[in-house]
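Trainee:
Residue numbers (the working numbering): 2 to 367.
1) Answer yes or no: the CB of residue 127 versus the heavy atoms of the ligand SAM, is any distance below 7 Å?
2) Can you grab the Cα-Cα spacing for the pair residue 315 / residue 331, in whole Å?
3) Quick one: what's got a C-beta closer than 8 Å to residue 199's C-beta in the same chain, skipping five residues either side?
4) For residue 355, tell me which candidate among 52, 177, 144 and 171 has the shortest Cα-Cα distance.
5) Nearest CA to the CA of residue 295: which residue from 307, 285, 286 and 64?
6) Could you tell me which uninterrupted alpha helix (DSSP H) segments, each at least 4 residues in length, are contained entirely in the region 234–310, listed from first to last along the chain?
7) Leaving out the 5 sequence neighbours to the left and right, which residues in its chain are closer than 8 Å to residue 234 when beta-carbon positions are compared?
8) Which whole-angstrom value describes the C-beta separation of residue 190 and residue 223, a residue pair presumed to lie in contact below a C-beta threshold of 8 Å?
9) Note down, one range per segment and in chain order, each alpha helix (DSSP H) of at least 4 residues found wholly within the region 116–158.
10) Residue 58 by DSSP, collapsed to three states: which one?
11) Would you list, in sequence order, the uninterrupted alpha helix (DSSP H) runs of no fewer than 4 residues that lie entirely inside the region 149–237?
12) Does the separation of the CB atoms of residue 220 and residue 289 fall below 8 Å?
13) Could you tell me the distance, in whole angstroms, from the CA atom of residue 42 to the CA atom of residue 57?
14) Can you tell me where the alpha helix (DSSP H) holding residue 363 begins and where it ends?
15) Looking at residue 281 and residue 143, is the spacing between their C-beta atoms short of 8 Å?
16) Roughly how many angstroms separate the alpha carbons of residue 11 and residue 287, rounded to a whole number?
17) Could you check if residue 182 is buried or exposed, using at least 16 other CB atoms within 10 Å of its CB as the buried criterion?
18) What is the DSSP secondary structure of residue 103, reduced to helix, strand or coil?
19) Which same chain residues, not among the five before or five after residue 141, have their C-beta less than 6 Å away from its C-beta?
20) In this structure, how does DSSP classify residue 110 when only helix, strand and coil are distinguished?
21) Return helix, strand or coil for residue 318, following the three-state DSSP convention.
22) Where does residue 52 sit, in a helix, a strand or coil, going by DSSP?
23) For residue 333, which three-state DSSP category applies?
24) How would you label residue 194, buried or exposed, when you count the other beta carbons within 10 angstroms and need 16 or more for buried?
25) DSSP state of residue 328, grouped into three classes?
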């Protein structure tokens, strides 16, 4: 069953989020169907649902957000052993065993698909990638067929951390791995996708290798990485670097089976817009979002820390997705808490294992 988003709901949500407005909600007696008054009142709101959204470029932090973050940093640092410890322990399965990343002789000196001078190398080492992962799953879940494949073939609720680890390792491997590793993991993903087929609750068949679904997953993944880096990155991408990054990761899309992946930010957002008529809060998306709001695998003590991550993820969603989900825009105070938390988590997290392996492969000192 798919949730219905009415023009009135869209209008109210858009007004609160500072995005497009669909017009005022009608109050009073419902006009007779088919009258001129009905057509006049419905057409503007209905048209607003179909109108394309303006090009969204991810925001950088506001001055208020930065100021609040600085003033709260000391308090957050004092609280980190109490609050961050349980979260770090709960997320520990996300790590990769460095022993498994030792390069073979034939891989030595191979820069991989991107290399140390790429934008992708810098972006993927940021702690903001944690926010991007949460936002990516949230955005991807809005496509009923894509989410049906996840829910029916990955034991999502029972193996959330396992699935998250596999996704994160793929995203890091294609950037930091050797050319051999990157090509191999893409082949593995395609083989796994061969078996991800079925019929969604709405009766439509799906296949994980459907080029349209692959395109949606690709644009959603890298839209949220770009947004998270711009908002929370230690070294956020400039507007031109954002275009460069999307052009770099287009190769990943091609290797997975995406037809004509976007090569700049404008093209990526046009891809998001192209899929918008197919998005909905369907059965599996509703369950997945409830899971993300309060993950059952986290202890109660870690839930406030998770909420800071969740607020950051909301801020990294395109306005069209926030409107569909009826999510309010996080406050500067909430986003400041996200920023401080990421800085605290960065210290125990250290350098990503795949980046360490890449440096060793290329003979680069830390």
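All residues carry an ideal CB built from backbone N, CA and C; glycine is no exception. Model, not experiment: these values are computed from the prediction.
Mentor: Well, looking at it:
1) Annotation note on the ligand SAM: not contained in the displayed structure, which lists no ligands.
2) 7 Å
3) So the list reads 149, 150, 153, 154, 206 and 207, once near-sequence residues are dropped.
4) 177
5) Out of 307, 285, 286 and 64, 307 has the C-alpha closest to the C-alpha of residue 295.
6) 240–257, 266–276 and 284–294
7) 124, 127 and 129
8) Approximately 15 Å separates the beta-carbon atoms of residue 190 and residue 223; this is outside 8 Å, ruling out the contact.
9) 120–124, 130–141 and 145–154
10) Under the three-state reduction of DSSP output, residue 58 falls in the coil class, being neither helix nor strand.
11) 161–177, 180–195 and 212–233
12) At the C-beta level, residue 220 and residue 289 stay beyond 8 Å of one another.
13) Only weak support exists for where residue 42 lies, its pLDDT of 48 falling under 50; the value from the coordinates is given anyway. Cα atoms of residue 42 and residue 57: separation of roughly 28 Å, rounded to the nearest angstrom.
14) 354–363
15) It is a contact, given that the beta carbons lie within the stated cut-off.
16) Below a pLDDT of 50, predicted positions are generally treated as unreliable, and residue 11, at 44, falls in that range; the measurement from the model is reported next regardless. For residue 11 and residue 287, the distance between alpha carbons rounds to 18 Å.
17) buried
18) coil
19) 147, 218 and 221
20) coil
21) Three-state DSSP puts residue 318 in coil, outside helix and strand.
22) coil
23) helix
24) buried
25) coil
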